[in-house]
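First the structure, in the form of structure tokens, and then the observations on it.
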Amino acid sequence: MTPQPTSQILTLEDWIRRSLLFLILCWLTVAILFPIYQLVARSFQNSDGQWIGLLNYLEYFTTPSLSTSLLNSFQVAIASTFTSVSIGFICAYALTRTAIPGKGMFRMFFLLPISIPSVTHGIGLIYLFGNQGILTRGFFGFFQDRFGFDPSFNIQLYGFNGILLGDTLDCLPLAIIILTTALTIADARLYEAAQSLKTPNWRTFLQVTLPGIRYGLLSAILVCFIQAFTDFGVPIVVGGQFNVLATDVYKQVIGQQNFAMGATVSVLLVLPTLLVFVVNRIVEQRQIALVGAKVVPLKPKPNLFPDLVFFVFCGFISLVILSVLGTSIFASFVKVWYNLNDPRLLQFTLDNYNVNVAGSTGIEPFWNSIQLALYSAGFGTIVIFLTAYLVEKTPGWNQLRSFITFLSTLPNALPGMVVGLSYIFFFNLPSLILPFTDLSIPNPFNGIYTSIILLVIANVIHYHTVSFVTLSTALKQIDAEFEAIAASMRVPFYITLVRVTLPLCLPALSQTVVYLFVNSLRTVSALVFLYSAPGLLLATVAIVNLEDAGETAAAAAMSTLVVLTSLTIQGIYGLMTQRLINRSFGWMQ
């Protein structure tokens with residue numbers, strides 16, 4: 002006789018975990034849903050807070066100076082996506098399908114822009130291609146005076162060209178990471194079959210290689226499009242009169258104090274990214290295993306001429322990346338930029354790092370950014386790990402856990418500008434109106450406005466998705482038998498968490514700490530609206546302000562501090578990672 006199902010009796014531990022899960026839901030609702038609701042609602046109101054329907058959107062599309070920005074954003078995003086994915090594919094192909102030497106070195110150079118604030122790309126481009134740039138001025142007559150050769154050329158940096166170059170550098174590492182992963186997975190038997198059939202290389206590429214990476218290629222296109230479409234750092238530095246949506250939000254809010262129009266532009270900024278986000282999620286879900294257990298790994302064979310071509314191409318791309326970064330760092334130590342044509346007049350100085358040169362704030366914004374990055378990395382890692390743990394390890398409440406997963410991945414579709422502006426609208430409210438009523442209550446979260454707490458929350462939410470996915474993946478790889486055995490032995494779940502789960506997740510946790518620290522240090526878009534409290538000016542925001550004031554050398558100096566700190570942290574992490582893995586997983590060997 003089949004036993005009848007009995008109702009499950011919830012233990013105290015179950016109630017504790019479900020209570021924590023409910024608190025996580027409240028946290029994500031306050032940090033994501035409420036601010037976004039206020040942002041959208043504000044786009045339907047005038048400057049006095051009165052409901053005006055779609056008039057703000059009508060004004061936007063009937064004002065040529067504003068509506069042009071939408072077309073400009075699509076134009077530069079499509080162009081940047083094409084260039085970054087095209088270059089990224091060639092670089093990824095060289096790293097995975099050729100036998101070129103120095104792959105580790107090239108990989109390090111290709112991923113370097115991830116550690117660099119996007120505003121630094123703009124500053125480096127100014128010193129190379131700006132009106133007084135090294136290449137624009139032909140090395141300031143150095144070759145003309147000595148060799149009678151003038152290598153100068155002007156690319157008209159400020160505008161579309163500058164944004165295209167900067168966004169391509171910014172998106173390139175993302176494309177390379179995704180495409181390298183896609184190209185690494187290949188079955189050598191398919192290529193052996195094509196070779197035995199004497200299939201031309203170009204047809205093998207079209208019929209075997211491209212179909213095998215189609216989902217990875219599409220994912221790279223979508224990710225790069227979102228990055229370029231929402232970028233703020235590059236356009237604000239080298240955009241000139243070529244306005245895009247991200248800079249429009251900044252100008253409407255900071256320049257004109259027109260918060261209603263700023264909210265309207267923000268909604269227009271987030272709609273395409275939200276659509277692309279949904280499409281990307283569908284693409285990720287449709288990905289299937291392309292190789293089986295009997296797969297024969299593809300090992301690239303040396304081929305002199307193709308390897309030489311790919312090696313030269315990778316070397317050129319590495320040189321471009323290093324030139325943009327190196328020029329910015331070099332300029333921060335030069336006293337007079339125009340003396341570069343005569344080495345005898347070239348003088349190095351630290352004055353650009355001095356308070357009297359950098360302005361009244363000095364390098365205080367840098368220390369503020371370090372403090373903020375530490376808080377964001379610490380608090381963010383704890384909260385996001387707890388979220389991932391409760392979602393993956395809490396029995397029952399499947400719908401709630403699915404909804405929390407959705408909220409945890411939603412920030413990936415929210416540009417930093419949107420996060421920052423939505424936080425102004427929600428956390429600056431003195432009172433909240435209860436839904437479907439005319440009653441209002443004091444806003445219990447208003448007290449953290451203009452404090453570093455709000456900046457920490459903004460950073461954690463802005464970079465929530467990648468950290469959540471990383472930690473969730475690590476938790477899914479832990480066999481459920483650990484919890485089952487612990488439960489059968491009446492070991493409390495928190496003991497299992499501390500003694501088993503945490504040690505096994507240490508590599509992912511350390512990766513999350515570094516990811517949150519570096520990105521909190523280099524971000525500007527999410528925080529440019531939120532640093533209004535005295536003494537809370539941040540390094541990347543200071544870079545934008547210094548560049549806007551014409552103090553490019555001081556901006557380069559501040560940028561150098563951020564870059565060197567970021568690279569140092571990642572270098573230390575790289576050295577410690579292997580030791581940490583050996584220590585955590587030594588028992589498995």
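In terms of the working numbering, the numbers along the sequence shown are unbroken and rise by one, the last being 590.
We put the CB at the ideal spot given by N, CA and C, even for glycine.
With 16 as the cutoff for other CB atoms within 10 Å, does GLY217 come out buried or exposed? Against the sequence shown, residue 217 aligns to sequence position 216. A buried status is given to GLY217, since no fewer than 16 other beta-carbon atoms sit within 10 Å of its beta-carbon.
Buried/exposed call for LEU547, threshold 16 Cβ in 10 Å: On the sequence shown, position 546 is the one that residue 547 refers to. It counts as buried.
Where VAL224 falls: helix, strand or coil (DSSP): Working through the sequence shown from its first residue, we reach residue 224 at position 223. In the three-state DSSP reduction, VAL224 falls in the helix class (H, G or I).
Taking the C-alpha atoms as reference points, what is the distance between PRO114 and PHE230? Walking along the sequence shown from the start, residue 114 turns up at place 113. Walking along the sequence shown from the start, residue 230 turns up at place 229. Taking the straight line from one Cα to the other gives about 18 Å.
Out of LEU510, ASP49 and THR395, point me to the one whose CA is closest to GLN258's CA. Here residue 258 corresponds to residue number 257 of the sequence shown, with the count starting at 1. The option with the nearest alpha carbon to GLN258 is ASP49.
Answer yes or no: do CYS172 and GLY89 have a C-beta to C-beta separation smaller than 9 Å? What you label residue 172 is simply residue 171 of the sequence shown in a count that begins at 1. What you label residue 89 is simply residue 88 of the sequence shown in a count that begins at 1. Yes. Within cutoff.
Note down the Cα distance separating ALA359 from GLY123, rounded to an integer number of angstroms. For the purposes of this step, residue 359 is taken as residue 358 along the sequence shown, with counting starting at 1. For the purposes of this step, residue 123 is taken as residue 122 along the sequence shown, with counting starting at 1. Any reading at ALA359 must be qualified, since the residue scores a pLDDT of 44, below 50, and its modelled position is unreliable; no value is offered.
Just to confirm, is the Cβ distance from SER119 to ASN244 under 9 Å? Locating residue 119 in the sequence shown gives position 118, counting from the first residue. Locating residue 244 in the sequence shown gives position 243, counting from the first residue. With contacts defined as CB atoms closer than 9 Å, SER119 and ASN244 fail to qualify as a contacting pair.
Does the distance from the C-beta atom of PHE426 to that of GLN39 stay below 9 Å? Mapped onto the sequence shown, residue 426 falls at position 425. Mapped onto the sequence shown, residue 39 falls at position 38. Contact annotation: PHE426 and GLN39 have beta-carbon atoms nearer than 9 Å.
Around the C-beta of ALA543, are 16 or more other C-beta atoms found within 10 angstroms, so that it is buried, or is it exposed? Here residue 543 is taken as the residue at index 542 of the sequence shown, counted from 1. Here ALA543 is buried: its Cβ has 16 or more other Cβ atoms, across all protein chains shown, within 10 Å.
DSSP puts VAL335 in a beta bridge; with which residues? Sequence index remark: in the sequence shown, residue 335 carries index 334 (1-based). Looking at the DSSP output, VAL335 sits in a beta bridge with PHE349.
Out of ALA554, SER409, ARG500 and ALA485, which has the shortest C-alpha to C-alpha gap to VAL31? Numbered from its first residue, the sequence shown carries residue 31 at position 30. Of the candidates ALA554, SER409, ARG500 and ALA485, the one whose C-alpha sits nearest the C-alpha of VAL31 is SER409.
Looking at the unbroken alpha helix (DSSP H) that takes in ILE91, where does it start and where does it end? For the purposes of this step, residue 91 is taken as the residue at position 90 of the sequence shown. Where ILE91 is concerned, the enclosing alpha helix (DSSP H) stretches over 65-98.
Pull up the distance between the alpha-carbon of TYR58 and that of THR451, whole angstroms please. As a working mapping, residue 58 is identified with position 57 in the sequence shown. As a working mapping, residue 451 is identified with position 450 in the sequence shown. Roughly 30 Å separates the two Cα atoms.
Please give me, in chain order, every unbroken run of the beta strand (DSSP E) with length at least 3 that falls completely inside the region 400-485. Taking only runs of at least 3 residues, the beta strand (DSSP E) segments lying wholly in the region 400-485 are 432-434 and 441-443.
Terminal residues of the continuous alpha helix (DSSP H) containing GLY131? The residue you call residue 131 lines up with position 130 of the sequence shown. Counting along the chain, GLY131 falls outside any alpha helix (DSSP H), and DSSP gives it neither H nor E.
Pull up the DSSP beta-bridge partners for GLN372, would you. Locating residue 372 in the sequence shown gives position 371, where the first residue counts as 1. None, per the DSSP bridge assignment.
Taking the Cβ atom as the reference point for each residue, do LEU96 and CYS315 lie within a distance shorter than 9 Å? Here residue 96 corresponds to residue number 95 of the sequence shown, with the count starting at 1. Here residue 315 corresponds to residue number 314 of the sequence shown, with the count starting at 1. Result yes, Cβ atoms of LEU96 and CYS315 sit closer than 9 Å.
According to DSSP, residues forming a beta bridge with TRP16: Along the sequence shown, one-based indexing puts residue 16 at 15. In the DSSP output, where bridge partners are listed per residue, TRP16 has none listed.
Looking only at its chain, what residues have a beta carbon closer than 8 Å to the beta carbon of MET589, apart from the 5 residues adjacent to it on each side? As a position in the sequence shown, residue 589 is number 588, starting the count at 1. Model confidence at MET589 stands at a pLDDT of 47, short of 50, so the residue's coordinates are unreliable; what they give is reported in the following sentence. Once the five neighbours on either side are set aside, MET589 has no close Cβ partner at all.
The alpha helix (DSSP H) enclosing SER521, as first and last residue numbers: Taking the sequence shown and counting its residues from 1, the one referred to as residue 521 is at position 520. Unbroken alpha helix (DSSP H) run through SER521: 507-523.
Do you know whose CA, among VAL384, LEU270 and ALA332, lies nearest MET418's CA? Position 417 of the sequence shown holds residue 418. Closest option to MET418, Cα to Cα, is LEU270.
Locate the alpha helix (DSSP H) running through THR182, then write down its first and last residues. Here residue 182 corresponds to residue number 181 of the sequence shown, with the count starting at 1. Counted as a single uninterrupted DSSP element, the alpha helix (DSSP H) harbouring THR182 occupies residues 161-185.
List in chain order: all unbroken alpha helix (DSSP H) runs of 4+ residues lying wholly within the region 208-279. Entirely contained in the region 208-279, the alpha helix (DSSP H) runs reaching 4 residues are, in chain order, 215-231, 234-239 and 246-251.
Closest by C-alpha distance to SER74, when choosing among PRO174, ILE227 and LEU129: Position 73 of the sequence shown, counted from the first residue, corresponds to residue 74. It is ILE227.
For VAL250, verify whether its CB is less than 8 Å away from any heavy atom of the ligand SAM. Ligands are entirely absent from the displayed structure, and the ligand SAM is therefore not among its contents.
How about LEU537 and ILE453: are their beta carbons less than 9 Å apart? As a working note, residue 537 is residue 536 in the sequence shown. As a working note, residue 453 is residue 452 in the sequence shown. In contact: LEU537 and ILE453 (Cβ atoms closer than 9 Å).
Where the alpha helix (DSSP H) containing MET106 begins and where it ends: Along the sequence shown, one-based indexing puts residue 106 at 105. Run containing MET106: 104-111, per the alpha helix (DSSP H) assignment.
So, with DSSP's three-state summary, where would you put TRP398? To locate residue 398, count along the sequence shown from 1; it is residue 397. Correct three-state label for TRP398: coil.
Under the DSSP definition of a beta bridge, which residues are partnered with GLN46? Residue 46 sits at position 45 when you count from the first residue of the sequence shown. Under DSSP, GLN46 shares a beta bridge with TRP52.
Exposed or buried, GLY103, counting other C-beta atoms within 10 Å across all chains shown (16 or more means buried)? On the sequence shown, position 102 is the one that residue 103 refers to. Looking at its Cβ environment, which holds fewer than 16 other Cβ atoms inside 10 Å, GLY103 is exposed.
Taking the straight line between their C-alpha atoms, what separation do you get for PRO152 and GLY139? Mapped onto the sequence shown, residue 152 falls at position 151. Mapped onto the sequence shown, residue 139 falls at position 138. Taking the straight line joining both Cα atoms gives about 5 Å.
Whose C-beta lies closer than 7 Å to the C-beta of ILE570 among residues of the same chain, with five residues either side of it excluded? Stepping through the sequence shown from its first residue, residue 570 is reached at position 569. Within the same chain, ILE570 has close Cβ partners VAL515, PHE518 and VAL519.
Taking the alpha carbon of GLN400 as the reference point, which residue from THR12, PHE23 and TRP16 has its own alpha carbon closest? Here residue 400 is taken as the residue at index 399 of the sequence shown, counted from 1. Just measuring C-alpha positions, the residue of THR12, PHE23 and TRP16 sitting nearest GLN400 is PHE23.
Hey, ILE179 and SER220 are a contact pair by Cβ (cut 8 Å); roughly how many whole angstroms apart? Within the sequence shown, residue 179 is the residue found at index 178, counting from 1. Within the sequence shown, residue 220 is the residue found at index 219, counting from 1. That belief holds up - the Cβ atoms of ILE179 and SER220 are roughly 6 Å apart, short of 8 Å.
Please report how far the alpha carbon of THR12 lies from the alpha carbon of PHE469, in whole angstroms. Your numbering for residue 12 matches position 11 in the sequence shown. Your numbering for residue 469 matches position 468 in the sequence shown. Cα to Cα, THR12 sits roughly 27 Å from PHE469.
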